[in-house]
Amino acid sequence: STISKAMVCEKHGQPKDVLRLKEIKISKIKDDEVLVKFLASPINPSDINQIEGVYPIKPRFKEYGAVGGNEGVAEVIAAGSKVKNLTVGDWVIPDTKAFGTWQTYATSPENELQKISKNGISSISAATISVNPPTAYRMLKDFVNLKKGDVVIQNGANSAVGQSVIQIAKAWGIKTINVVRDRPNFDELASELHKLGATLVIKEEDLRANSTRELVKSLGSPVRLALNCVGGKSASGITRLLGHNATIVTYGGMSKQPLTFGTGPFIFKNLRACGYWNSRWNKEASKKDKQYMFDDICELIRGGHLAEPWHDETKWEVSDDNKTLNKKFMEALSKAGKSFGNKKQILTF
Ligand code: NDP
Numbered sequence: 013s014t015i016s017k018a019m020v021c022e023k024h025g026q027p028k029d030v031l032r033l034k035e036i037k038i039s040k041i042k043d044d045e046v047l048v049k050f051l052a053s054p055i056n057p058s059d060i061n062q063i064e065g066v067y068p069i070k071p072r073f074k075e076y077g078a079v080g081g082n083e084g085v086a087e088v089i090a091a092g093s094k095v096k097n098l099t100v101g102d103w104v105i106p107d108t109k110a111f112g113t114w115q116t117y118a119t120s121p122e123n124e125l126q127k128i129s130k131n132g133i134s135s136i137s138a139a140t141i142s143v144n145p146p147t148a149y150r151m152l153k154d155f156v157n158l159k160k161g162d163v164v165i166q167n168g169a170n171s172a173v174g175q176s177v178i179q180i181a182k183a184w185g186i187k188t189i190n191v192v193r194d195r196p197n198f199d200e201l202a203s204e205l206h207k208l209g210a211t212l213v214i215k216e217e218d219l220r221a222n223s224t225r226e227l228v229k230s231l232g233s234p235v236r237l238a239l240n241c242v243g244g245k246s247a248s249g250i251t252r253l254l255g256h257n258a259t260i261v262t263y264g265g266m267s268k269q270p271l272t273f274g275t276g277p278f279i280f281k282n283l284r285a286c287g288y289w290n291s292r293w294n295k296e297a298s299k300k301d302k303q304y305m306f307d308d309i310c311e312l313i314r315g316g317h318l319a320e321p322w323h324d325e326t327k328w329e330v331s332d333d334n335k336t337l338n339k340k341f342m343e344a345l346s347k348a349g350k351s352f353g354n355k356k357q358i359l360t361f
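13 is the number of the first residue of the sequence shown in full-length UniProt numbering; add one for each residue after it.
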């Protein structure tokens, strides 16, 4: 029988305190199930919130606890006799809540997995395709009818979502103003963002400067959409640079600060503020709309328009002893939660 080495939490709490490596015996697959071997799984901010117990989607607790991680790519290594759409060798990503992706093996009914093309898509891209690129894609499409040459502003621009926003916008001919916190290597970061296609890169600390207002003006058209990853002062700062009838979409709250906006922009500029949650979109969208978007995102990747997110790989050798795996994971976890960390932490199996 197969043993999966999994990062499991038994109860809610700080991930470093409640996560432990466990060996889980994988039961024989049922007729409608597949056995998969994970290839790569990221550590995302919402995975951490989920373990803390502050995320609307809870971990799937079983008798041994809940396996962490929601996103990742796995390869089918065995399929039950009634499995219709998957075969051995296929790559799959979870198509369900709280799958548990920080583990070597899992069994799953085929309808809780979505097949993903391997053609021109790396395992790192596949492992990170289901949350961040769709979030960027939907936010650029669903709130404001953007045309070529229009301008979008975003904070947290160096986040994985932010990197997707820059690249997808660039592919669609949309200009981006990218706000990041100041740091010792700001120039290096700005140059990396420019390489992705950023039009402007601005320090959060300069948001209120007149020179920033002039720079934004020089782009030639008013800013129509703001994407807010951070909240607090940063969110109010980016709304100051918006044109009339603009929309600010909040999708993250990295500063843990509430949103405060001036009254003026709502009354005199008809500002609109709303939120986006990818899990809600996934639940409500038709299969056809999802497929269309995935095909489009895969095309962007194949065409070289959407690169792997900046990342560090943590190699989880199955041959490593449990103590070593535990240590490797805890190091990746601590890097994932660090400010100015700048790299998505990805476990590769
Ligand atoms: P990453 O781990 O790639 O990036 C985290 C970002 O947050 C970095 O830009 C980092 O910037 C910034 N940051 C961290 N701490 C702070 C802070 N105290 N103040 C300001 N900025 C901070 O994350 P993802 O791209 O995976 O996710 C980004 C956010 O988007 C998360 O909040 C996540 O939960 C959310 N999200 C929401 C979705 C939705 O459907 N609503 C879908 C996907 C993601 P720095 O370099 O300055 O530290």
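C-beta atoms are modelled at their ideal positions from N, C-alpha and C, and glycine is treated no differently.
Every value quoted in this text rests on a predicted model; they were computed, and no experiment measured them.
- For C310, the uninterrupted alpha helix (DSSP H) run begins and ends at K299 to R314, by DSSP.
- Linking E320 to P145 through their CA atoms gives a straight-line distance of about 10 Å.
- Sixteen is the threshold: since fewer than 16 other Cβ atoms of the shown chains lie within 10 Å of the Cβ of A221, the residue is exposed.
- The Cβ-Cβ distance between I178 and A210 falls below 8 Å.
- Under the three-state reduction of DSSP, W103 is assigned to strand.
- In summary, S230 is exposed, with fewer than 16 beta-carbon neighbours lying within 10 Å of its beta-carbon over all protein chains present.
- When secondary structure is reduced to three states using DSSP, K355 falls in the coil class, being assigned neither helix nor strand.
- If you compare the alpha carbons of R32, T275 and H317 with that of N334, the shortest gap goes to R32.
- DSSP places A221 outside any alpha helix (DSSP H), giving it a letter other than H or E.
- The straight-line gap separating the alpha-carbon atoms of T360 and S142 is approximately 17 Å.
- In terms of side-chain proximity, the C-beta atom of F352 is found nearer than 7 Å to a non-hydrogen atom of the ligand NDP.
- Membership of M342 in the alpha helix (DSSP H) is indicated by the continuous run N334 to A348.
- Under a 10 Å Cβ-count criterion, Y149 is classified as buried, with 16 or more other Cβ atoms of the shown protein chains found around its own Cβ.
- A distance below 8 Å separates the beta carbons of G174 and G168.
- The continuous beta strand (DSSP E) containing K127 extends over residues L125 to I128.
- Closest option to E122, judged by alpha-carbon separation, among V79, D107 and I136: D107.
- Taking A348 as the centre and dropping the five residues before and after it, the same chain places the C-beta of I55 and Q357 closer than 6 Å to its C-beta, in chain order.
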